[in-house]
Every structure is written in C-alpha cells, then in structure tokens.
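*Asks:*
There are 4 protein chains.
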Amino acid sequence: MFQKYSGAILNEIQTVLRKVNTKEVDDFIDRIISAKKIVTCGAGRMGMMARAFAMRLSHLNMQAFNLGDSNVPRIGKGDLLIVCSGSGETKTIKELAFIAKEHEAQIALLTNRRESSIGKISDAIVTLAASSKVCPHEKPSSIQPMTTLNEQSCLIFLDTLVLLLMNKLKQLPEHLKNRHSILE
Amino acid sequence: MFQKYSGAILNEIQTVLRKVNTKEVDDFIDRIISAKKIVTCGAGRMGMMARAFAMRLSHLNMQAFNLGDSNVPRIGKGDLLIVCSGSGETKTIKELAFIAKEHEAQIALLTNRRESSIGKISDAIVTLAASSKVCPHEKPSSIQPMTTLNEQSCLIFLDTLVLLLMNKLKQLPEHLKNRHSILE
Amino acid sequence: MFQKYSGAILNEIQTVLRKVNTKEVDDFIDRIISAKKIVTCGAGRMGMMARAFAMRLSHLNMQAFNLGDSNVPRIGKGDLLIVCSGSGETKTIKELAFIAKEHEAQIALLTNRRESSIGKISDAIVTLAASSKVCPHEKPSSIQPMTTLNEQSCLIFLDTLVLLLMNKLKQLPEHLKNRHSILE
Amino acid sequence: MFQKYSGAILNEIQTVLRKVNTKEVDDFIDRIISAKKIVTCGAGRMGMMARAFAMRLSHLNMQAFNLGDSNVPRIGKGDLLIVCSGSGETKTIKELAFIAKEHEAQIALLTNRRESSIGKISDAIVTLAASSKVCPHEKPSSIQPMTTLNEQSCLIFLDTLVLLLMNKLKQLPEHLKNRHSILE
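Each protein sequence line maps, in turn, to chains A, B, C and D. Numbering-wise (this note's numbering), the first sequence opens with residue 3 and increments by one. Numbering-wise (this note's numbering), the second sequence opens with residue 3 and increments by one. Numbering-wise (this note's numbering), the third sequence opens with residue 3 and increments by one. Numbering-wise (this note's numbering), the fourth sequence opens with residue 3 and increments by one.
(1) Between L98 of chain A and chain C, is any beta-carbon pair separated by less than 9 Å?
(2) Are S124 of chain C and I101 of chain C closer than 9 Å when you measure CB to CB?
(3) Looking only at DSSP bridge pairs, what is F67 of chain D linked to?
(4) Taking all protein chains shown into account, do 16 or more other C-beta atoms lie within 10 angstroms of the C-beta of G80 of chain D, making it buried, or fewer, making it exposed?
(5) Since V2 of chain C sits in a beta bridge, which residues does DSSP pair it with?
(6) Between D161 of chain C and chain D, is there a C-beta pair that is closer than 9 Å?
(7) I'd like to confirm the pairing. Which residues does DSSP put opposite L82 of chain A in its beta bridges?
(8) May I ask you to list, following chain order, the residues of the stretch 44-61 of chain D that have a beta carbon less than 9 Å from some beta carbon of chain C?
(9) In chain order, what residues of the same chain have a beta carbon less than 7 Å from the beta carbon of V27 of chain B, not counting five sequence neighbours either side?
(10) Quick one, are the C-beta atoms of L130 of chain B and K21 of chain B less than 9 Å apart?
(11) Which residues bound the alpha helix (DSSP H) around M57 of chain D?
(12) For S36 of chain B, count the other beta carbons within 10 Å of its own beta carbon; 16 or more makes it buried, fewer makes it exposed. Which is it?
(13) What separation, rounded to the nearest whole angstrom, lies between the Cα atoms of L157 of chain C and L174 of chain B?
(14) Have a look at C:A99, C:L167, C:M48 and C:S183 and flag the residue whose alpha-carbon is nearest the alpha-carbon of L59 of chain C.
(15) Contact between the stretch 80-98 of chain A and the stretch 104-122 of chain C is defined here as three or more beta-carbon pairs at a separation below 8 Å; is this criterion met?
(16) Could you confirm whether any beta carbon from chain A is found closer than 9 Å to the beta carbon of K79 of chain C?
(17) Could you tell me the boundaries of the alpha helix (DSSP H) in which E186 of chain A lies?
(18) For K93 of chain C, decide whether its Cβ has a neighbour in chain A, counting only Cβ atoms nearer than 9 Å.
(19) F55 of chain C and A126 of chain C - do their beta-carbons sit closer together than 9 Å?
(20) Confirm, please, whether the CB-CB distance from N68 of chain A to T42 of chain A is below 9 Å.
(21) Taking Cβ-Cβ distances shorter than 8 Å, what residues in chain C pair up with H182 of chain B?
(22) Comparing alpha-carbon positions, which option in D:K93, D:L163 and D:L151 lies nearest F4 of chain C?
(23) Between T70 of chain A and chain C, is the shortest Cβ-Cβ distance under 9 Å, so that the two count as touching?
(24) Is there at least one Cβ from chain D nearer than 9 Å to L112 of chain C's Cβ?
(25) Within this structure, are the beta carbons of F203 of chain D and L19 of chain D separated by less than 9 Å?
(26) Check the Cβ-Cβ distances between A66 of chain B and every residue of chain C, and say whether any is below 9 Å.
(27) Report the neighbours of I101 of chain B on chain D: residues whose CB is nearer than 8 Å to its CB, in chain order.
(28) Could you have a look at P175 of chain D and say whether DSSP puts it in helix, strand or coil?
(29) Compare the C-alpha of I40 of chain A against each of A:M48, A:R115, A:G46 and A:A52 and name the closest.
(30) Can you find a heavy atom of the ligand FMN that lies under 8 Å from the Cβ of S144 of chain C?
(31) Cα separation between P75 of chain D and E176 of chain A?
(32) Near K103 of chain B, which residues of its chain fall below 8 Å by C-beta distance, leaving aside the five closest residues on each side in sequence?
(33) Considering only the beta carbon of each residue, do I184 of chain D and I77 of chain A sit closer than 9 Å?
(34) Grouping DSSP H, G and I as helix and E and B as strand, with all else coil, what is R33 of chain C?
(35) What distance in whole Å lies between the Cβ atoms of S119 of chain A and E91 of chain A, which are believed to be in contact at a cut-off of 8 Å?
So this is what it looks like as structure tokens:
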C-alpha cells in the first residue's frame with residue numbers, strides 16, 4: 003500500500019507540473035530577480051511551503067521574508083509579494099494582497115485560478131492545475147484530502163524555481179550552504 | 003528547463019521512496035495510532051514538513067502538536083515524539099529526543115541514518131535513502147542544494163502516511179475537512 | 003536613564019490597567035471558562051502576547067490555541083475567539099473575527115476602541131485606555147513608539163487573568179507547571 | 003481582585019527592574035549597536051519576548067532575526083546572539099549558545115543566573131533578580147506561576163532598551179513606524 007500510494011501521489015504532482023506554462027515561469031522568475039524585497043505568504047500548509055521558499059531565497063542572498071517572521075519590513079514600490087493560494091480567495095491572504103497592491107508592491111501568484119480575486123490584481127501568475135477548495139471537483143482529481151496536492155505541487159514548483167534561480171544567478175550549492183543558519 | 007528540472011526532482015523523490023522498507027512504515031503507523039499525544043519536530047525546512055504533518059494528524063482527530071506550537075503539552079509514557087532529521091545528529095533536535103526519552107515518551111524517527119545518535123534511542127525508524135548533511139556524498143546523489151531532497155521526500159512520505167492512516171482509521175476526506183480551521 | 007525609562011513604562015502600564023472596568027473583566031473570564039475551545043489572535047507584537055496567553059490557558063487545562071499553531075481546530079458554537087487589537091480595525095484580524103462570528107463562535111475583544119468594527123461584533127470587550135494606531139494621540143500619551151504600551155498592557159492584563167482563572171478554577175502553580183512542555 | 007493582582011504584578015516587575023545594574027545595560031547596548039547581525043532567542047514565553055524585541059530591532063533598522071524566522075542567516079564573527087534564559091540552562095538554547103560561540107559570534111545574555119552554563123560563555127550579561135526554574139525559591143518570590151515574572155521583566159527590560167537605543171541612534175517613533183510591516 004505504501005508504494006502504491008506514494009507512487010500515485012508523485013504521479014498526481016507530475017500531472018500538475020507538466021501542465022505548467024513555462025512562459026509564466028519565466029515571468030515569475032524575472033519578478034523575483036528584480037525585486038528589492040520579497041515577502042512570501044499563504045494560509046495553512048500552503049503557507050508552510052511559502053515559508054520553505056523564503057528560506058531558500060535567503061540562501062540565494064535575497065532580502066526575503068515569510069509572513070509571520072519577526073522582521074517583515076514595510077514593502078512598497080519595487081518589492082514583491084509572492085502569494086500561494088489555490089483558490090485565490092483565501093480571505094486573510096486576499097486582504098494582504100490588496101494592502102500590498104495599494105502600496106504599489108508587485109504581486110506574484112501561484113494558484114489554480116487565474117480569474118480569482120487575487121488573480122485579478124496580480125502582476126505575474128503561475129497556474130497550477132490542482133484542485134482547490136473553491137473548485138474541489140476540477141481536474142485533475144486527487145486521491146488526497148483537501149488541497150494536499152496543491153501544497154505538494156507548490157513545494158516542488160518552488161524548489162524547481164530554486165534550481166532555475168541558481169542557474170540564472172550563478173549560485174552553486176555551496177554558496178547556498180554557506181548562508182544557511184548554524185543555529186539548529 | 004522547468005520541465006527538465008521538475009521532472010528530475012520527482013525522479014529523485016521516487017528513487018528515495020521506492021527504497022522505503024514497508025515493514026518500517028507499518029511499525030511507524032502503529033506507534034502513531036497507539037500514541038496518546040504526538041509532537042512532531044525537525045530543524046529548518048524539515049521542521050516545516052513535520053509541521054505540515056502535525057496539521058494533518060489533527061485533522062485525523064489525534065492530539066497532535068508541532069514543536070513551537072503555543073500549546074505543546076508535557077509528554078511522557080504513552081506519548082510519541084516524531085523526529086524528522088536526515089543526519090539524526092541535529093543538535094537541538096537531539097537534545098529534545100533525549101529529553102523525551104528520559105520522560106519515557108516513544109520516539110519515531112524519519113532519517114537517512116539509522117545508526118545516528120537519535121537513531122540509537124528511537125523506538126521506530128523509517129530510513130530514507132536521501133543524502134544528508136552528515137553524509138553529503140551518499141547515494142542517491144541529488145542535483146538539489148543541501149538537504150532539499152530529504153525535505154521533499156519527508157513531505158511526500160508523511161502525506162503517504164496520511165492516506166494509510168485514513169484507511170486504517172476509516173476516515174474520509176470530508177471528515178478531515180470538517181476539522182480544518184476556518185480561520186484563514 | 004534605564005531606571006528613568008523603565009519606571010516611566012511601568013507607570014504608563016499602571017495608568018492603563020487602573021482604568022480597566024472590572025465588570026468587563028468578569029464577563030471576559032466567564033466566557034473563557036465556559037468556552038469549549040479557545041483560539042487567541044492578534045497581529046504583530048499583539049499576536050505574540052495573545053500567543054503567550056494561549057500557552058497559559060493550555061497550562062490551565064483548557065483546549066487553547068493561538069492563530070498559527072499547526073493544530074488550530076474548526077471553531078463554532080460554544081467556542082471562543084480572543085482577539086487582541088488596539089484599533090479593533092486590523093484588517094486580517096477583522097476578517098478572522100467576521101469568519102468566527104459567521105460560524106457562531108463567540109468573540110472576546112481586548113481593545114482601545116469599543117466602537118470599532120471588531121468591537122461591534124464582539125460578545126465581550128475589555129477596554130484598554132492605551133493609544134492605538136487609529137487614534138495615536140488619544141490619552142494616555144506614551145513615550146514609547148507605536149502601540150508598545152498596548153502590547154505591554156495586553157500582556158500584563160492577560161497574566162492578571164491567569165491569576166484570576168487560577169483562583170476560580172482552584173489551580174495551583176504546580177498544576178500549571180506539571181502541564182508545561184518538557185521539550186525545551 | 004483584578005486591581006489587586008495587576009498592581010501586585012507591576013510591583014513585582016518594578017522590584018526586578020530596580021535591581022538592574024545599569025553598567026551591565028550599557029555594555030548590552032554597546033554590543034547591540036556594534037553587531038552586524040543580531041539573532042534573538044529564548045524558549046517558550048521567553049522566546050516570544052525575545053521575538054517581540056527582534057521586531058523592534060528591525061524597526062530600528064538593524065539586521066535582526068528571531069530564532070524560527072525563515073531567514074535566519076549564518077552568524078559568526080561580528081554578529082550577536084541575544085539569549086533570554088532565566089535559568090541559563092535551558093537545554094536547546096544552551097546548545098545554540100555553544101554553537102554560536104564556536105562560530106565566534108558574541109553572546110549577550112538576559113538571565114537570573116550569571117554563573118549558569120550560558121552565563122559562563124557570554125560576552126555581556128544583564129542579571130534579572132526574578133525567580134527561575136532552577137532556583138524557584140530565590141528572592142524576589144512571586145505570586146505568579148512558573149517563570150511568568152521573568153518573562154514580563156524581560157519584555158519591559160527589552161522595551162526599555164528600545165527607548166535607550168532610539169536615543170543613542172537618534173531614531174524617532176515615526177522612523178520606526180515607517181519600517182513597520184503593512185501586511186497585517
């Protein structure tokens with residue numbers, strides 16, 4: 003059963019990631035590279051994946067923060083809010099996106115729904131074809147509870163961005179490692 | 003490049019998960035089901051994956067906590083500490099495992115190294131074949147920086163456990179959804 | 003200078019707490035005692051004080067959670083959301099209060115402004131006379147930046163509640179200590 | 003009862019803070035001002051107070067982090083670890099202090115016990131006369147459970163440092179406010 007289930011999960015993620023539009027990815031990456039400060043956010047488990055990405059952005063020598071960090075700075079023009087929200091409608095996250103927009107920060111969204119409230123105000127969007135809370139029966143269907151597939155796809159998507167960013171920024175694994183916290 | 007990299011990452015994870023010993027998995031699951039209270043922990047991004055699992059354990063109606071939650075209770079006999087540590091040597095996490103052991107809690111470890119310090123005091127171990135900080139050149143090698151493959155394998159492994167636990171405990175996706183926080 | 007400043011801070015807090023209406027306190031405490039599950043929340047440093055209170059509520063043997071804990075459950079009828087918001091207008095927190103209300107949870111608010119958006123939907127309110135972001139020039143004025151006085155008053159207020167709750171619930175310090183996490 | 007208890011708590015804090023050695027404070031502040039990067043830490047509620055201080059250090063335009071932030075950098079020579087530990091013996095925190103020391107970071111400790119394990123390797127120490135877990139019966143005794151008085155004294159102490167730092171660094175409240183996160 004373990005092998006059957008873990009194989010099925012990896013297939014689900016693969017199905018989602020194969021549908022990713024690589025032009026959307028290029029735009030996403032350009033926004034990240036040109037941002038002065040970056041804040042990542044998401045609700046629940048999506049937020050944890052956004053957090054894992056903020057850590058890697060720091061290792062890539064960027065001014066990166068995750069919502070909830072003690073040191074999140076004021077953001078505005080030239081800064082980027084990276085939002086992970088399958089539905090694009092999560093209420094608190096939507097509020098934050100509106101606030102960021104009002105202060106002229108750019109918004110890069112990872113979502114299942116381009117046409118969502120957050121989608122409408124985003125500067126860059128990558129669409130994941132996973133099912134979300136708003137459209138639970140959308141294809142591809144998943145054997146997993148709630149938005150699990152979304153969260154997994156989000157992590158692997160963002161970790162793929164890390165490899166692309168390392169390439170673009172000429173960063174080797176040891177460069178990242180040398181910026182990793184020793185306090186653990 | 004996106005498709006090449008994301009495909010390579012999924013292959014790496016698959017290679018790790020295919021080597022998982024399913025007897026170890028069964029033992030791990032039995033400890034989870036019979037535990038009164040469960041605390042999950044890990045350092046850095048491993049800790050975030052452990053945190054994502056604690057959330058799902060709560061959705062499965064278990065008394066589950068992640069290190070750092072405001073409400074972590076005193077644990078002892080009958081309770082379980084789930085440790086995610088590739089090296090099995092992360093200093094603060096090792097301290098916590100020793101403290102838990104001293105108080106007669108059981109320890110379930112997800113690691114690359116059975117023979118590590120934490121491995122030696124663990125009651126159940128699942129071995130992941132990913133490279134770790136201590137043995138960075140162990141097979142399978144990874145194109146990803148630091149212990150990224152470990153963290154990803156950890157998430158997918160734990161999410162596979164969620165499916166196995168749902169089966170064993172006769173929990174449907176809607177049962178889990180009904181326990182999900184509305185505050186987001 | 004240290005003695006002058008620390009003395010001034012303690013005086014500021016004292017001025018705020020002396021104005022607290024003890025009938026409001028009694029109502030606040032009754033809601034806490036009769037709640038099935040309690041979630042505390044607040045933004046920024048106010049959220050950290052709310053978090054410190056959730057930990058003590060757990061030590062008092064209550065089902066308590068802080069927003070951001072991995073195990074926050076679905077709340078509804080019979081449950082209590084404790085909101086710490088000086089202005090009563092913090093956007094994300096206001097969203098959460100509205101969601102909680104919609105699901106028939108009760109709301110207990112610690113604020114400077116009874117007449118605020120969150121105040122209007124709250125079941126119990128304790129008013130602190132500290133200055134807030136919305137009314138920065140309200141009395142009492144403070145030598146401290148931003149809403150620092152609010153946050154400090156919030157901590158001392160909530161820790162006073164802990165003593166009152168210990169009394170009411172016949173809980174001794176050793177009872178609380180015995181529920182404290184060993185994992186540190 | 004509310005007024006009696008809150009008054010007693012403020013008296014307890016005052017007793018602790020009046021005994022603070024202002025030469026120790028000056029040294030603490032000098033280390034903060036000359037540090038390149040600062041990481042604050044503490045266990046449980048002490049950690050939350052350390053977190054509240056990290057936020058204010060960021061508002062003061064310092065490179066500040068709290069343990070657990072997603073972006074904690076590698077620290078070493080020229081950096082400062084601020085440790086809040088009443089006992090000076092909290093196991094995980096002690097590990098972190100040793101690691102920091104090994105990497106030549108400086109350590110500034112807020113504690114009840116200069117002669118503790120962490121105290122012995124610290125470069126600057128401020129002693130608080132509050133009771134701790136190790137010496138629960140030390141003077142001044144407190145009506146509050148566990149190390150509550152310590153945590154409160156820690157918050158007010160650190161907020162007093164904020165005022166002293168504002169003075170030294172010519173920072174006005176509006177300067178701090180302009181660096182405060184808008185994402186809330």
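Quick reminder that beta carbons are idealized off the backbone N, C-alpha and C, glycines included.
*Replies:* Well, looking at it:
(1) Counting from 1 along the first sequence, the entry for residue 98 of chain A is found at position 96. Yes, because at least one Cβ of chain C sits closer than 9 Å to the Cβ of L98 of chain A.
(2) Within the third sequence, residue 124 of chain C is the residue found at index 122, counting from 1. Within the third sequence, residue 101 of chain C is the residue found at index 99, counting from 1. Result no, Cβ atoms of S124 of chain C and I101 of chain C do not sit closer than 9 Å.
(3) For the purposes of this step, residue 67 of chain D is taken as residue 65 along the fourth sequence, with counting starting at 1. Per DSSP, D:V41.
(4) Along the fourth sequence, one-based indexing puts residue 80 of chain D at 78. Exposed, by the Cβ-count rule.
(5) Given a span of 3 to 186 for chain C in the structure shown, any question on residue 2 of chain C remains unanswerable.
(6) The count along the third sequence starts at 1 and reaches residue 161 of chain C at position 159. Interface residue, yes.
(7) As a working mapping, residue 82 of chain A is identified with position 80 in the first sequence. Looking at the DSSP assignment, L82 of chain A forms a beta bridge with A:I40 and A:Q108.
(8) A45, G46, R47, G49, M50, M51, R53, A54, M57, R58 and H61
(9) In the second sequence, counting from the first residue as 1, residue 27 of chain B sits at position 25. If we look at V27 of chain B and ignore the five residues flanking it on each side, its Cβ neighbours are V128.
(10) Counted from its first residue, the second sequence places residue 130 of chain B at position 128. Counted from its first residue, the second sequence places residue 21 of chain B at position 19. In contact: L130 of chain B and K21 of chain B (Cβ atoms closer than 9 Å).
(11) Within the fourth sequence, residue 57 of chain D is the residue found at index 55, counting from 1. Per DSSP, M57 of chain D belongs to the alpha helix (DSSP H) from G46 to H61.
(12) Residue mapping note: residue 36 of chain B aligns to position 34 of the second sequence, counting from 1. By the 10 Å Cβ count, S36 of chain B comes out exposed.
(13) Along the third sequence, read from residue 1 onward, the residue named residue 157 of chain C stands at position 155. Along the second sequence, read from residue 1 onward, the residue named residue 174 of chain B stands at position 172. Spanning the two alpha carbons is a distance of roughly 41 Å.
(14) To locate residue 59 of chain C, count along the third sequence from 1; it is residue 57. Ranking C:A99, C:L167, C:M48 and C:S183 by Cα distance to L59 of chain C puts C:L167 first.
(15) no
(16) For the purposes of this step, residue 79 of chain C is identified with residue 77 of the third sequence, where counting begins at 1. Taking Cβ atoms only, chain A never reaches closer than 9 Å to K79 of chain C, which makes this a no.
(17) Walking along the first sequence from the start, residue 186 of chain A turns up at place 184. Run containing E186 of chain A: none; DSSP gives neither H nor E here.
(18) Here the question's residue 93 of chain C lines up with position 91 in the third sequence. Yes, its Cβ sits closer than 9 Å to a Cβ of chain A.
(19) In the third sequence, counting from the first residue as 1, residue 126 of chain C sits at position 124. In the third sequence, counting from the first residue as 1, residue 55 of chain C sits at position 53. No.
(20) On the first sequence, position 40 is the one that residue 42 of chain A refers to. On the first sequence, position 66 is the one that residue 68 of chain A refers to. Their beta carbons are under 9 Å apart, which means T42 of chain A touches N68 of chain A by this criterion.
(21) The residue labelled residue 182 of chain B in the question sits at position 180 within the second sequence. What H182 of chain B touches in chain C: R76.
(22) The residue labelled residue 4 of chain C in the question sits at position 2 within the third sequence. For the residues D:K93, D:L163 and D:L151, the minimum Cα distance to F4 of chain C belongs to D:L163.
(23) Within the first sequence, numbered from 1, the residue matching residue 70 of chain A stands at position 68. Reading the sequence as shown, one finds Gly at residue 70 of chain A and not Thr. Yes, contact with chain C.
(24) Locating residue 112 of chain C in the third sequence gives position 110, where the first residue counts as 1. No, its Cβ sits nowhere closer than 9 Å to a Cβ of chain D.
(25) Residue 203 of chain D lies beyond the range of chain D shown here (3 to 186); nothing can be said about it.
(26) Counting from one through the second sequence, the residue named residue 66 of chain B turns up at place 64. Chain C, which has a Cβ nearer than 9 Å to the Cβ of A66 of chain B, makes this yes.
(27) For the purposes of this step, residue 101 of chain B is identified with residue 99 of the second sequence, where counting begins at 1. Those within 8 Å of I101 of chain B in chain D are K93.
(28) Indexing the fourth sequence from 1 puts residue 175 of chain D at position 173. Helix.
(29) In the first sequence, counting from the first residue as 1, residue 40 of chain A sits at position 38. Nearest of A:M48, A:R115, A:G46 and A:A52 to I40 of chain A, Cα basis: A:A52.
(30) Although the ligand FMN was asked about, the structure shown includes no ligands whatsoever.
(31) What you label residue 75 of chain D is simply residue 73 of the fourth sequence in a count that begins at 1. What you label residue 176 of chain A is simply residue 174 of the first sequence in a count that begins at 1. Rounded to the nearest whole angstrom, the C-alpha separation of P75 of chain D and E176 of chain A is 14 Å.
(32) As a position in the second sequence, residue 103 of chain B is number 101, starting the count at 1. These residues qualify, in order along the chain: I109 and I123.
(33) Taking the first residue of the fourth sequence as 1, we reach residue 184 of chain D at position 182. Taking the first residue of the first sequence as 1, we reach residue 77 of chain A at position 75. Closer than 9 Å, so yes.
(34) Locating residue 33 of chain C in the third sequence gives position 31, where the first residue counts as 1. Of the three classes helix, strand and coil, the one that applies to R33 of chain C here is helix, per DSSP.
(35) Start at 1 with the first residue of the first sequence, and residue 91 of chain A comes out as number 89. Start at 1 with the first residue of the first sequence, and residue 119 of chain A comes out as number 117. Right, their Cβ atoms sit about 6 Å apart.
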